[in-house]
Amino acid sequence: MRDHSEALPGDGLPPAGATALVDAYFDHLGAAAARLRIDIDADSLAELLAHVEHRLDGTDRSDDAVRRVLAELGEPEALAGAYAADDPDSDSDFDSNFDTDRGFDSGIDHDGGTDAAARGPRDLAAGGLPRTHRAGRFLGVPYDTRQPTSERFASRSWDPSDPSILVPKALGIGWTVNFAALAVRAHLIRPDDEDEPFAEAPSWVVTATLAAPILAGVAFATLAAATWAGLPETVPSHWGLTGEPDGYSSRTANLLLLSGFVLLPLLAAAWVHLARRGAWSRVAASAVSLALALVALVCLVQTLFAVQGGAGMWPTWVGLFLVLVLPLGLLVGVSRSGRAAEQRRDFASASKKGSVS
Numbered sequence: 001m002r003d004h005s006e007a008l009p010g011d012g013l014p015p016a017g018a019t020a021l022v023d024a025y026f027d028h029l030g031a032a033a034a035r036l037r038i039d040i041d042a043d044s045l046a047e048l049l050a051h052v053e054h055r056l057d058g059t060d061r062s063d064d065a066v067r068r069v070l071a072e073l074g075e076p077e078a079l080a081g082a083y084a085a086d087d088p089d090s091d092s093d094f095d096s097n098f099d100t101d102r103g104f105d106s107g108i109d110h111d112g113g114t115d116a117a118a119r120g121p122r123d124l125a126a127g128g129l130p131r132t133h134r135a136g137r138f139l140g141v142p143y144d145t146r147q148p149t150s151e152r153f154a155s156r157s158w159d160p161s162d163p164s165i166l167v168p169k170a171l172g173i174g175w176t177v178n179f180a181a182l183a184v185r186a187h188l189i190r191p192d193d194e195d196e197p198f199a200e201a202p203s204w205v206v207t208a209t210l211a212a213p214i215l216a217g218v219a220f221a222t223l224a225a226a227t228w229a230g231l232p233e234t235v236p237s238h239w240g241l242t243g244e245p246d247g248y249s250s251r252t253a254n255l256l257l258l259s260g261f262v263l264l265p266l267l268a269a270a271w272v273h274l275a276r277r278g279a280w281s282r283v284a285a286s287a288v289s290l291a292l293a294l295v296a297l298v299c300l301v302q303t304l305f306a307v308q309g310g311a312g313m314w315p316t317w318v319g320l321f322l323v324l325v326l327p328l329g330l331l332v333g334v335s336r337s338g339r340a341a342e343q344r345r346d347f348a349s350a351s352k353k354g355s356v357s
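Printed below as a string of structure tokens:
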């Protein structure tokens, strides 16, 4: 419950509705940036506004709800200072970072803006804020065409602070799965766990996560090599709601497409590991690669099932369950490993202090 003795951003503003409060906050942000001589680019402003709209989805959009969402961003002056930390041309010495996906002290996405990637339905041209052309929504469908980063992929696949299970893709059109939201709803982790446990996980555990998508890829390659030569030249590649095939392609084209779903994400995950990115990014890369390899394997099994005269979509439904459960288990397992290591370290530190005193 809100402590009314604590001021929130937006308090003191007239109760003029969600739009007016949000616009007033951004006016204050612009004024603070001007005072600090900071140039917050149009894409960053648009993405930040979209993040606010995403947080307002599902609320009653009352004045209090808007102020709670704006409180997540902090005071406009502090937020402007956080942008200054990522602006080499700024004269400000503010030493803080803010990312709309991760919060303060998380590091700003260095591809030209914060990482909230246009999650809201509001027309970003409204209120004097320009629309971003690299990330946003078109006819209600999110898109993101910015240069991908491992941190953005990680924040989309693991963000316990966001209750949304479906979130915009880090690259491309449509939605992807926020596995952390599933873990929170299943009471496997706490909403405030975020990415810290991954940093405490043993390095060998983080590295070993790459074995999961490799094994899924080996399973796909083995099944394809054992069965594909015996398939007809044209195979089912798409099914309707009733389970009847309604799309066909050549077996070679189908194999190449499915192989791409396995190989390209696996190579990307291997690069993230070899580049020694943060543990959070490496584990998330392994989980995303595993999920896509499993999708390819499920499609292959469904195709073989249909060619052999099977009816229905049960291989796909079973497979999609595994697509959710196995990457989720990978992420939760490493998170818990890191949390346990953190608790052991804190316990050892407390015991040492106790023995000294």
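For the sequence shown, full-length UniProt numbering begins at 1 and goes up steadily by one.
C-beta atoms are modelled at their ideal positions from N, C-alpha and C, and glycine is treated no differently.
Residue i and residue j closer than 7 Å at C-beta
i: W204; j: A284; result: no
i: residue 358; j: P327; result: Past the boundaries of the shown model lies residue 358; the chain is included only from 1 to 357, so the question cannot be answered.
i: S335; j: P197; result: yes
i: P142; j: P168; result: yes
i: S281; j: L266; result: no
i: F261; j: L300; result: no
i: A216; j: L294; result: yes
i: A180; j: P163; result: no
i: L21; j: V66; result: yes
Same chain, Cβ closer than 8 Å to residue i, five either side skipped, listed in chain order
i: D192; result: P160 and S161
i: S250; result: E233, T234 and V235
i: V307; result: L231, P232, V235 and P236
i: V69; result: V52, R55, L56 and T59
i: G240; result: D246
i: L255; result: A224 and W228
i: I214; result: L266
Expected contact under 8 Å - CB spacing of residue i and residue j to nearest Å
i: G243; j: A296; result: Rounded, the Cβ-Cβ distance is 20 Å, inconsistent with contact.
i: A341; j: A201; result: 6 Å
i: L330; j: T207; result: Actually they do not touch by this definition, with Cβ atoms about 13 Å apart.
i: L264; j: V298; result: L264 to V298, Cβ: 17 Å. No contact.
i: R277; j: S150; result: 5 Å
Boundaries of the alpha helix (DSSP H) in which residue i is found, first to last residue
i: G260; result: R251 to L274
i: P191; result: Per DSSP, P191 belongs to no alpha helix (DSSP H) and is neither H nor E.
i: D63; result: D63 to L73
i: W228; result: W228 -> no alpha helix (DSSP H), and no H or E assigned at all.
i: W239; result: Run containing W239: none in the alpha helix (DSSP H); it sits in the beta strand (DSSP E), T234 to W239.
i: A293; result: A279 to V307
i: R152; result: S150 to S157
i: T207; result: S203 to A208
Nonlocal neighbours in the same chain, by C-beta distance under 7 Å from residue i, ignoring five residues either side
i: V332; result: A183, L188 and I189
i: A32; result: P76, E77 and A80
i: F153; result: A170, A284, A285 and V288
i: I173; result: V141 and Y143
i: A219; result: L297
i: F305; result: P315
i: A212; result: S286, L290 and L330
i: P121; result: Bear in mind that a pLDDT of 29 at P121, under 50, signals an unreliable position, so the number given afterwards is only what the model happens to contain. Excluding sequence neighbours, P121 sits near E53, R137 and G140.
First and last residue of the uninterrupted beta strand (DSSP E) at residue i
i: S164; result: S164 -> no beta strand (DSSP E), and no H or E assigned at all.
i: W175; result: W175 to V177
i: D144; result: V141 to D144
Neighbourhood of residue i by C-beta, 6 Å cutoff - its chain only, sequence neighbours within 5 removed
i: V177; result: none
i: L166; result: W175
i: G338; result: P197, F198, E200 and A201
i: H110; result: Only weak support exists for where H110 lies, its pLDDT of 35 falling under 50; the coordinates are left without a value.
i: F302; result: Looking at the sequence provided, one finds Gln at residue 302 rather than Phe. Excluding residues within five positions, the ones whose Cβ falls inside 6 Å are P315 and T316.
i: A253; result: none
i: S259; result: none
Chain D within 7 Å of residue i, Cβ atoms only
i: P160; result: The question asks about chain D, but that chain is absent: this structure has only one protein chain.
Is the stretch 259–278 touching the stretch 230–239 in the sense that three or more CB pairs, one from each, lie closer than 8 Å?
By the criterion of at least three beta-carbon pairs nearer than 8 Å, the stretch 230–239 is not in contact with the stretch 259–278.
So does the stretch 299–315 actually touch the stretch 167–186, counting three or more Cβ pairs closer than 8 Å?
No: fewer than three Cβ pairs fall under 8 Å.
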